[in-house]
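The structure under discussion appears below in the form of structure tokens.
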Amino acid sequence: MSLILYTYYAVLTIALLRLSLWILLSLSYNLRRKPSTAHFDEKMSIVVPAFNEERTIAKTIRSLLMIDYPDFEVIIVDDGSRDGTLAECRRFEASGVKVIHQDNGGKPRALNRGIDATEGTVIVTVDADTTLHRDALRRIADRFATDSRIGAVAGNVKVNPERGLLNALQAAEYTTRINLVRKAESVLGCVTVVPGPIAAFRKQAIERAGRFSADTFAEDFDMTMEVLRSGYRVEYEDRALAYTEAPDTLEDLMKQRRRWYRGMIQVLAKHRDMYMKRRFGIAGTVGVPSIWFDVTAPFLNVALILLALFTSLFAVEPSISLLGLGVYFTMATAVSGLAITLDPVPKAREFATVP
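What follows is the structure, encoded as structure tokens:
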């Protein structure tokens, strides 16, 4: 019994400490922000890999053409689509969009093909079902201008708002869990995932990292780890907004999450030599171990509930176990509310899903 009790308290303590750390770091992210005085006007190249995206690609391209930035180009790589994606893309060539067609070879190959055609010093990869806010590139430029050691910048991914509880829950998850963690990691300079919907890299960082690899199902995560390995800082810019399509059925959501988790495990296995290694800096000692906590967090929450119930039935002071669990979930709810409040575009419906 004592072993179970000690296990419960150990897991609870780790969970509470991690929540506390993320609160402090995310608050620091917002408090440290100052108007950028540095000037960054280097050419940016937007690369969009597309496969069977006939339904969304035109909307994506239109949003990119409306971006407010002095010098950028848009490159679409059709990865052997079997629908009307290529034809949709061709319609925008007169507007200056570069369209490349290749036989189907996968997203990493499409990204690398697009990079080959770029002229900019910063590469911004965007998913074909994503639209960018008009000032997204300016916000990214402001972030790169602050430090030449920054090799990559993650943007703020939001879910396209649609009716339904599933959409609202995903929107809240992006704000309260994914983006909050990126704020905390950004303060440390070790954002571990620069997401596909809006990922900005210095071109030299991509070249140094060895381009996008097809080794895993999470090429964005893998590339981020390679950039961190190369010694660059990776930061987050919450004002660089991107709006992406979200799964609209539970079945599609489960498929997405299985793909995400499978890719995460593959990348963590590939970069296992980084774990707790000081030569990789904060990324090795804090960033990578934290990812494992994210992977196991759903299971830990279930374990905490089961352990609390078990110890409350058999422990001498059962109220202590339940109190600890209550403190944890109250704190988690407060953190979620804080994350939404600190977001550049807080939504009322996200607050409604926090409990």
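Numbering (my numbering), first residue to last: 1059 to 1413. Positions of the beta carbon are idealized from the N, C-alpha and C atoms, including for glycine.
{"Asked": "Contacting residues, own chain, Cβ-Cβ under 7 Å from G1172 (five flanking each side not counted)", "Found": "V1105, P1107, I1133, V1135 and I1158"}
{"Asked": "DSSP-derived helix/strand/coil call for A1410", "Found": "helix"}
{"Asked": "Given S1153 as reference, the closest of D1193, D1174 and L1122 once Cα atoms are compared", "Found": "L1122"}
{"Asked": "Option in R1120, K1165 and N1110 with minimal Cα separation from T1143", "Found": "N1110"}
{"Asked": "Continuous beta strand (DSSP E) stretch holding G1172: start and end", "Found": "Careful: G1172 lies outside any beta strand (DSSP E), inside the alpha helix (DSSP H) at K1165 to D1174."}
{"Asked": "Bridge-paired residues (DSSP) for L1380", "Found": "Partner(s): none; L1380 has no beta bridge."}
{"Asked": "Reduced DSSP category for E1295 - H, G, I as helix; E, B as strand; rest coil", "Found": "strand"}
{"Asked": "Pick from R1076, R1120 and S1139 that is closest to H1191, judged by C-alpha positions", "Found": "R1120"}
{"Asked": "F1259 - containing beta strand (DSSP E), residue span", "Found": "A1257 to R1260"}
{"Asked": "Supposed close pair M1334, G1321 - CB separation, criterion 8 Å", "Found": "M1334 to G1321, Cβ: 22 Å. No contact."}
{"Asked": "V1245 versus R1140 - alpha carbon distance", "Found": "43 Å"}
{"Asked": "Environment of I1115 [buried if 16+ CB atoms lie within 10 Å]", "Found": "buried"}
{"Asked": "Integer Cβ distance of L1362 from L1070, believed to fall under 8 Å", "Found": "6 Å"}
{"Asked": "Beta-bridge partners of T1188, as assigned by DSSP", "Found": "T1302"}
{"Asked": "Residue nearest to V1403 in terms of C-alpha spacing, selected from Y1067, D1310 and Y1232", "Found": "Y1232"}
{"Asked": "Enclosing alpha helix (DSSP H) for T1118 [first to last residue]", "Found": "I1115 to L1123"}
{"Asked": "DSSP-derived helix/strand/coil call for D1136", "Found": "strand"}
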